[in-house]
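Trainee: Chains as they are written, first to last, in our numbering: chain W, 10 to 273; chain R, 1333 to 1590; chain Y, 5 to 287. Every residue gets a Cβ at the ideal spot worked out from N, C-alpha and C, and that includes glycine. The structure's right below; bear with me while I get my questions together.
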Amino acid sequence: MTVPESGRPTRPRLKLRTFLTAGLVLLFTIYSGRQVGFTISTFWEVWSNPLWEKFWPVPWEWVFDRSNVIDPLIETFQIAIISTLIGCGLALPLSFIISPLTTPNKPTYLVAKGIMNVVRAVPDLFWAKLLVTAVGIGAFAGSWALSIFSLAVMVKLFSETVDSADPRPLEAARAAGGRHTPAVRTGVLPTVFPSYVAYSLYVFELNIRASIVLGLVGAGGIGRVVEAQRQYFRFDRVLGILLIIFVIVIVIEQISVALRKRLV
Amino acid sequence: MICFDNVSVTYRGGVKALRNLDLTIDDGEFVVIVGLSGAGKSTLLRALNGLVPATEGSITVDGVEVVGASAATLRQVRSNIGMIFQTFNLVNRTTVLNNVLMGRLSAVPSWRSTFGLWPAQEREKAMQSLERVGIVEKAYVRASDLSGGQQQRVGIARALAQEPTVMLADEPVAALDPVTSRQVMGDLQRINQDLGITTLINLHFLDLAREYGQRLIGLREGQLVFDGDIADVTDETFQEIYGRSIADTDLLAMEPVE
Amino acid sequence: MPVAAPPRPRTAGRNWLIAFIFMAGAVWSITGLDVTLARLLGAPADAWNILHRMFPPAFNEVYQRGVVGKVFESVYIAWIGTLIGAVVSLPLAFLAATNVSPRWIRTPIRQIFNAVRAVPELILAVILIPITGLGPWAGALAIGIHSVGTLGKWACEAIENSDHGPVEAVEACGGVWVSGMRWGVLPQVMPVITSYWLFRFEINVRASAVLGMIGAGGVGAELVSQLVFRNFPAVGAVLAITVAVVLSIDALSAFVRRRIITGGGPTKNRNQEATADLTGLKH
């Protein structure tokens, strides 16, 4: 930057790199829009579609009938609980392996990290559909799928906490002659345990939502009812179910947030 | 000219920050305000430009009533009052020049300033402000990359860019080291003398107050307890204002060196 | 003189209670779902049965069917959806922030955010498909609407956590409210908010792949049809391509996010802060 007589600096030019990036992003956006069939008019078309009338009124007696909605909901709930337990349970040792701080040795670390990356890259319901094909329709497949999903999410979140844990107690445990696993157990676990529980609650929340949709691919729970009613074009029932789900999710979320606040 | 007439400010929760304050300040004066924390110094300045609404009384700036004024009137008044802050209040992630240009906000339509389309003459004024505080070579540097003293000078440039008639400074040097503090105080003094801008400065370093002030105002628990020429000020004056004897922390020169 | 050990603390009892609740919940779920030991042990075998039949993956066949294009379609859907969510949520987030808006504007908007966040994209798509018809637009809209909720909430928190100082400076200069937001708040929060947008994009790519399974465009439909025909090598190929694209996007996005965040300070702390924010565990 040359400094002219008056002492004022010259205005820096915008970098070519910035222009290129912005241009690329814009082009990509326009291209994506075309591919997706996006036009401004579609917003209005959606808004003014007469089909919305089929969503109302909501048949509440049908919704509150035990076998129609309540039982599948209970099943959904149970799927979420089991998946959280299995997924978060397995995630505890696995996170320690994934973290460079507490990993036992390099090859284990690399292999574990590689597998986790691939597992996380597969969309959660793909797992569900695969498992449905493998073990048959029903809640069992759903629990397995969500367990894998919970494991993946939990490992990602929790391992970052382990990464940033204070390494000194671990050093002390090792210096006192402890072997690897007991050293980790006493040196790192107590510090990170509150985060572990907090993250588990968060994953539980995610699982409630995920288990709702599992049924849409045949893996059990309320989703199956939604899919069935959708195919019969009974949108009013669909809306009823959705409203119930909505309330439940909000309630669970509030409880979870309150519990988490007391932990961290 | 600035007039405080029986002004009281009570915050929500019942704290009385200013009580029945009467004060007149003529154009071009260089006033230093001292008092303990919580004595009302900050409130006084902020009541002046309406950032804090006064609960009672009247405040006029160049004949315009500030208390109860409409939002548009307040903006008009504020555009003529420049303010610098203890924590500088710069926009960290953008350039020094953009920060100074904020002083010209009231001079351009909102859409222009929102999109950063400042007219050339406003840029010129901003540059001139930077020249006046001697920091123009940093015009395109990111604000957070500057030292504390330099950031405060940018703050002064921003206030100057408003072409104000009044300058308010709320503890401008509290976050700076002694050498830089004196530079900033010197700048403010020079601006007052060269441009005739009425200047009000809150300070808690008493030696600085005596060194640079012309008129001293002392506040204690929201009330005016001293108002006079700096020549008439002695250590006893400060003790009266503070209600206790002077401590080392009240003096800049005695600040512990790190 | 030896000192007596202190009595066992009361909290031990509370911990046992919590553990008991967990065990009870687990037992209830397990019996409810009819998860017998036999099925548990049999499951990995069933899964392996399918898994080994996916090798070698039938890349050629899948390439012929244009699966790669479908995977990219999922990406486009996610991009447009995230963009819609971002553009709509940003102004709303300002209106929803406590330090910006009065209560009667804030609360309804926050409720809208909550409502939209609680509905999974898949359910939204289920509702939208009869109206928009099958195809990518349903997916993009479903993702867009849901993203308004999550992005809105995160942006709102970022705005509330921002420093009020620069806004005060703008006010003191005689600027209007919009200028205060534009110059006082926006420069502070844009790096974090942009980073949230990218993170959401990563998640949305997966979501749009899933949406394909119910006909909202993208690669999901391919996966389902191959599974129905039990054409496992093709399934393997579809999975492999999907995973490859998702991983690449994750890596690219993580790179860009790091660059954005480090524009201002030491990397490690910022990322931790950002992660903590993302999981909502900050408070």
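One question on the structure: do Y/Leu227 and W/Lys138 come within less than 8 Å of each other, judged by their Cβ atoms?
Mentor: For Y/Leu227 and W/Lys138, yes; Cβs fall inside 8 Å.
Trainee: Kindly identify the DSSP beta-bridge partner or partners of W/Lys24.
Mentor: DSSP lists no partner for W/Lys24.
Trainee: I'd like to know whether the C-beta of R/Tyr1544 is nearer than 8 Å to at least one C-beta of chain W.
Mentor: No, its Cβ sits nowhere closer than 8 Å to a Cβ of chain W.
Trainee: Can you tell me the Cα-Cα spacing of W/Ala192 and R/Leu1538, whole angstroms?
Mentor: Rounded to whole angstroms, W/Ala192 to R/Leu1538 spans 58 Å at the Cα level.
Trainee: Would you mind reading off the limits of the alpha helix (DSSP H) that contains Y/Phe205?
Mentor: 190 to 215 is the span of the alpha helix (DSSP H), which, as asked, contains Y/Phe205.
Trainee: Are the Cβ atoms of R/His1536 and R/Asp1567 separated by less than 8 Å?
Mentor: Going by C-beta atoms, R/His1536 is not nearer than 8 Å to R/Asp1567.
Trainee: At a CB-CB cut-off below 7 Å, which residues of chain Y make contact with R/Gly1333?
Mentor: It should be pointed out that residue 1333 of chain R corresponds to Met in this sequence rather than to Gly. Under the 7 Å cutoff, chain Y gives no residues; its nearest Cβ is about 20 Å from R/Met1333.
Trainee: Starting from the beta carbon of W/Asn126, find every residue of chain Y whose beta carbon is closer than 7 Å, and list them in chain order.
Mentor: Under the 7 Å cutoff, chain Y gives Leu251.
Trainee: List the endpoints of the continuous beta strand (DSSP E) containing R/Met1499.
Mentor: It spans 1498 to 1502 - the beta strand (DSSP E) in which R/Met1499 sits, taken as one unbroken run.
Trainee: If I measure Cβ to Cβ from R/Ala1361 and keep anything under 7 Å in the same chain, skipping five residues before and after, which residues do I get?
Mentor: Strictly speaking, residue 1361 of chain R in this sequence is Glu, with Ala absent from that position. Cβ within range, chain order: Thr1530, Gln1546, Arg1547.
Trainee: Just reading off the alpha helix (DSSP H) that W/Thr195 is part of, what are its end residues?
Mentor: Run containing W/Thr195: 189 to 196, per the alpha helix (DSSP H) assignment.
Trainee: Assign R/Glu1456 to one of three DSSP states: helix, strand, or coil.
Mentor: Helix at R/Glu1456.
Trainee: Give a yes or no on whether the minimum CB-CB distance between R/Val1468 and chain W is below 8 Å.
Mentor: R/Val1468 counts as touching chain W.
Trainee: Residues of chain W with a CB under 7 Å from the CB of Y/Ser33: which are they?
Mentor: Those are Gln87, Ile90, Ile91, listed as they occur along chain W.
Trainee: Any beta carbon from chain W within less than 8 Å of R/Tyr1472's own beta carbon?
Mentor: So yes, R/Tyr1472 belongs to the interface.
Trainee: Between which residues of its own chain and Y/Arg57 is the CB-CB distance below 6 Å, once the five residues before and five after are set aside?
Mentor: Here the set comprises Phe236.
Trainee: Identify which residue in R/Leu1376, R/Val1511, R/Leu1433, R/Glu1543 has its Cα closest to the Cα of R/Arg1455.
Mentor: With distances taken between Cα atoms, R/Arg1455 lies closest to R/Leu1433.
Trainee: Using 8 Å as the limit for Cβ to Cβ distance, is W/Ser209 near chain Y?
Mentor: Judged by the 8 Å Cβ criterion, W/Ser209 is not in contact with chain Y.
Trainee: Could you pull the start and end residues of the alpha helix (DSSP H) that W/Thr111 belongs to?
Mentor: It is not in any alpha helix (DSSP H) - W/Thr111 carries neither H nor E in the DSSP assignment.
Trainee: When we look at the beta-carbon of R/Arg1485 and count the other beta-carbons within 10 Å, is it buried (16 or more) or exposed?
Mentor: When all chains shown are included, R/Arg1485 counts as buried.
Trainee: At the level of alpha carbons, what is the spacing between Y/Pro270 and W/Asn126?
Mentor: Confidence is the limiting factor: at Y/Pro270 the pLDDT is only 34, short of 50, which leaves the residue's position unreliable and the question unanswerable from this model.
Trainee: How would you write the range of the alpha helix (DSSP H) that W/Phe167 sits in, first residue to last?
Mentor: Unbroken alpha helix (DSSP H) run through W/Phe167: 148 to 172.
Trainee: Going straight from the alpha carbon of W/Thr142 to that of W/Arg271, what length do you get?
Mentor: Distance between the alpha carbons of W/Thr142 and W/Arg271: 42 Å.
Trainee: For the stretch 155 to 188 of chain Y, which residues have a CB atom closer than 9 Å to at least one CB atom of chain W, in sequence order?
Mentor: Within the stretch 155 to 188 of chain Y, no residue has a Cβ that lies closer than 9 Å to any Cβ of chain W.
Trainee: Using C-beta distances below 7 Å, list every residue in its chain close to R/Gly1480, excluding the 5 sequence neighbours before and after it, in chain order.
Mentor: Ala1507, Leu1508, Thr1512.
Trainee: Interface residues of chain R around Y/Thr191 at Cβ under 8 Å?
Mentor: According to the sequence displayed, residue 191 of chain Y carries Pro and not Thr. Ordered by position in chain R, the residues that pass the 8 Å Cβ test against Y/Pro191 are Val1423, Asn1424, Arg1425, Thr1426.
Trainee: Excluding the five sequence neighbours on either side, which residues of its own chain have a C-beta within less than 8 Å of the C-beta of W/Asp175, listed in chain order?
Mentor: Thr200, listed in sequence order.
Trainee: Which of the three DSSP states is assigned to W/Phe73 in this structure?
Mentor: In the structure shown, W/Phe73 sits in a helix (DSSP, three-state: H, G or I).
Trainee: Against R/Met1517, what residues of chain W qualify as contacts under a CB-to-CB distance less than 7 Å, listed in chain order?
Mentor: Simply none; closest approach about 24 Å.
Trainee: For W/Leu223, which option in W/Leu23, W/Ala148, W/Tyr241 has the closest C-alpha, if you only look at C-alpha atoms?
Mentor: Answer by Cα proximity: W/Ala148.
Trainee: Listed from N- to C-terminal order along the chain, which residues in the stretch 26 to 38 of chain W have their beta-carbon within a distance smaller than 8 Å of any beta-carbon of chain Y?
Mentor: Of all residues in the stretch 26 to 38 of chain W, Phe37, Thr38 have a Cβ within less than 8 Å of some Cβ in chain Y.
Trainee: With a threshold of 8 Å between beta carbons, is Y/Ala146 in contact with chain W?
Mentor: So no, Y/Ala146 is outside the interface.
Trainee: By DSSP, does R/Phe1362 sit in helix, in strand, or in coil?
Mentor: Here R/Phe1362 sits in strand by DSSP.
Trainee: Taking the alpha carbon of R/Leu1429 as the point to measure from, which residue in R/Val1505, R/Trp1443, R/Gly1448, R/Gly1414 has its own alpha carbon closest?
Mentor: Cα-wise, what sits closest to R/Leu1429 is R/Gly1448.
Trainee: Listed in chain order, which residues of the stretch 1449 to 1462 of chain R have Cβ atoms closer than 7 Å to some Cβ of chain W?
Mentor: Under the 7 Å Cβ criterion, the stretch 1449 to 1462 of chain R contributes Met1459.
Trainee: State the Cα-Cα distance for the pair R/Ile1365 and R/Asp1358, rounded to the nearest angstrom.
Mentor: Whole-angstrom Cα-Cα distance: 15 Å.
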